[in-house]
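Going by this note's numbering, the first residue of the sequence shown is number 2, and it counts up by one from there.
No residue lacks a Cβ here, since even glycine has one placed at the ideal position from N, Cα and C.
Quick caveat, the model's predicted, so the values are computed rather than measured.
Reviewing the structure listed below.
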Amino acid sequence: MQAKEQLVNIKEYISKSSPRSARDYLIKIKSKIKLLASYPHIGKINSTLDIENIRDFVVFGYKIIYKINKDNILILAIYKYIDFDESKLDI
Numbered sequence: 002m003q004a005k006e007q008l009v010n011i012k013e014y015i016s017k018s019s020p021r022s023a024r025d026y027l028i029k030i031k032s033k034i035k036l037l038a039s040y041p042h043i044g045k046i047n048s049t050l051d052i053e054n055i056r057d058f059v060v061f062g063y064k065i066i067y068k069i070n071k072d073n074i075l076i077l078a079i080y081k082y083i084d085f086d087e088s089k090l091d092i
């Protein structure tokens, strides 16, 4: 599952109880993700993958795993639940 799909799933899940909260949550998550363009090393090295350019940080309870490339940042996953297997990420 792509990170964009995961973000849509997060929005749909939160929308079930509060569409406005879902929209607000997504805005906040996306604004934090934008920080990565300026501060790509803001997150810690992902402990599961243990690769220097694969990092993660938590935003409002959601873990964002990303890859630092030479010219950009690639969001690999956004998830909340412990049952997500990080070792199966396509990096």
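Quiz item: Which class does D51 belong to by DSSP, given the choice of helix, strand or coil?
Solution: Under the three-state reduction of DSSP, D51 is assigned to coil, being neither helix nor strand.
Exercise. Assign A78 to buried or exposed, taking buried as 16 or more other Cβ atoms, counted over all protein chains shown, within 10 Å of its Cβ.
Key: With 16 or more other Cβ atoms within 10 Å, it is buried.
Exercise. Would you identify the three-state DSSP class for K81, choosing helix, strand or coil?
Key: Three-state result, K81: coil.
Quiz item: Taking Cβ to Cβ, would you say S74 is nearer than 9 Å to A38?
Solution: For the sequence presented, residue 74 should be read as Ile rather than Ser. The answer is yes: Cβ separation under 9 Å.
Practice problem: May I have the straight-line CA-CA distance separating K81 from K33, to the nearest angstrom? | Solution: Our two residues, K81 and K33, have alpha carbons roughly 16 Å apart in a direct line.
Quiz item: Touching or not, the stretch 25-32 and the stretch 56-67, by the rule of three or more beta carbon pairs under 8 Å?
Solution: At 8 Å Cβ cutoff, the stretches touch.
Quiz prompt | Y14 versus D72 - alpha carbon distance | solution = Cα atoms of Y14 and D72: separation of roughly 33 Å, rounded to the nearest angstrom.
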